[in-house]
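Residue numbers (our numbering): 5 to 143.
One structure is given here, and the rest of the page talks about it.
Pasting the structure below:
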């Protein structure tokens, strides 16, 4: 296993970190797809809309997760650490996403209510995934 260090980020290039990343993206995508569905859009039909809503969250997650060590070799060693780093990372990713949504480059806008829902629902999905992965990988 090799560890790549970029700035302060720690990213282990391994099958485990790849699986964690796939699960993270799936959790974020589920959050966005369910949100679009609750607002009257079929996520299987309105793929462009889902992608446009997903993009700022993924950008925020990628920027924060590397710095936070979400894909480092010790990311899933301890459940308490895993969940605390996950929720802090997600809150910061949502801040980045809201800032991006406030620009002309992404649809939507920066709304406090959407940020709160994003932190709550998206954070719950990410924490459920990361808790499951941590339990499975540490056993």
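Glycine is no exception: its CB is placed at the ideal position from the N, C-alpha and C atoms.
Everything numeric in this text was worked out from a predicted model, so none of it was measured.
- For residue 84 and residue 16, the gap between their C-alpha atoms comes out near 20 Å.
- Counting along the chain, residue 93 sits inside the alpha helix (DSSP H) bounded by residues 83-105.
- Judged by DSSP in its simplified three-state form, residue 41 adopts helix.
- In this chain, the alpha helix (DSSP H) harbouring residue 118 covers 116-121.
- In this structure, the beta-carbon distance from residue 63 to residue 96 does not fall below 8 Å.
- The shortest C-alpha to C-alpha distance from residue 29 to any of 133, 53 and 46 is the one to 133.
- Exposure of residue 48 is indicated by the presence of fewer than 16 other C-beta atoms within 10 angstroms of its C-beta.
- Taking C-alpha positions only, residue 38 is separated from residue 111 by approximately 17 Å.
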